[in-house]
Amino acid sequence: MVCAGNICRSPMAEVVLRAKLARAGLGDRVTVDSAGTGNWHAGQPAHVRSTAALRRRGYHLDHSARQFAPGWFGERDLVLALDAANLSDLVRLAPRDLPAGRLRMLCVDGQDPGGGTDVPDPYGLDDSAYDHALDLIERACDELVAELVAELQPDAATAAGTDDRG
Numbered sequence: 018m019v020c021a022g023n024i025c026r027s028p029m030a031e032v033v034l035r036a037k038l039a040r041a042g043l044g045d046r047v048t049v050d051s052a053g054t055g056n057w058h059a060g061q062p063a064h065v066r067s068t069a070a071l072r073r074r075g076y077h078l079d080h081s082a083r084q085f086a087p088g089w090f091g092e093r094d095l096v097l098a099l100d101a102a103n104l105s106d107l108v109r110l111a112p113r114d115l116p117a118g119r120l121r122m123l124c125v126d127g128q129d130p131g132g133g134t135d136v137p138d139p140y141g142l143d144d145s146a147y148d149h150a151l152d153l154i155e156r157a158c159d160e161l162v163a164e165l166v167a168e169l170q171p172d173a174a175t176a177a178g179t180d181d182r183g
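Residue numbers (our numbering): 18 to 183.
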């Protein structure tokens, strides 16, 4: 999960996805982390409003911001940007031979994996902006977990009715 400074959206997405994967039985098969395209918050904790928004929904966040390193493309199966601007930054960092689909946006409401809908940056805004970002992140993570269940546990996806391959 990648946003700009790694103190608001991407740490929220990291925590939410990790929790949803654990509930789906994939917690031991998928590793989730986060970073920012910029380094201006490196070493800082998550924004207090991100932590509060997560806490209100029962999530716990213990986080230290860090900057995305280009070498991570080779170490991760999937890199998800939280908005188009960060996706553009990541595309510039990505190796030319990066397999298709390994870098994309976190999709909201089934948007095209190549497009998606931005999760707006709540930095500097009030609690409602953080809650809205978290709403979008939770919906997108539900969709992503369904996709990963179908890919990693196809029998479970079929049994749960989430496999639409026919």
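Don't be surprised by glycine CBs; every beta carbon is placed ideally from N, CA and C.
Three-state secondary structure (DSSP) of residue i
i      : result
MET122 : strand
GLY53  : strand
VAL192 : A question about residue 192 goes unanswered here, because the residues of the chain that appear run from 18 up to 183.
LEU43  : coil
PRO171 : helix
MET29  : helix
TYR140 : coil
ASP79  : coil
ASP114 : coil
ILE154 : helix
THR134 : coil
With 16 other Cβ atoms within 10 Å as the buried cut-off, status of residue i
i      : result
ASP100 : buried
PRO87  : exposed
PRO28  : buried
THR48  : exposed
GLY75  : exposed
ALA117 : exposed
GLU31  : buried
SER51  : buried
C-alpha distance - residue i paired with residue j, whole-angstrom precision
i      : j      : result
VAL33  : THR68  : 12 Å
LEU107 : LEU120 : 8 Å
GLY141 : PHE90  : 30 Å
PHE85  : GLY55  : 8 Å
LYS37  : CYS158 : 7 Å
HIS58  : GLY44  : 28 Å
SER81  : LEU97  : 19 Å
ARG156 : VAL19  : 17 Å
ASP138 : GLY53  : 12 Å
LEU115 : VAL65  : 35 Å
Residue from the options with nearest C-alpha to residue i
i      : options                       : result
VAL136 : LEU142, ASN23, GLN84, ALA150  : ALA150
GLN61  : ASP106, ARG83, LEU123         : ARG83
ALA63  : ALA21, ARG74, GLY55, ASP79    : ASP79
ARG26  : ILE154, ALA163, GLU92, HIS58  : ILE154
GLU160 : ARG66, CYS124, SER105, ASP148 : CYS124
Paired residues, beta bridge with residue i - DSSP
i     : result
VAL96 : LEU120
VAL19 : ALA52, ALA98
GLN84 : GLY53
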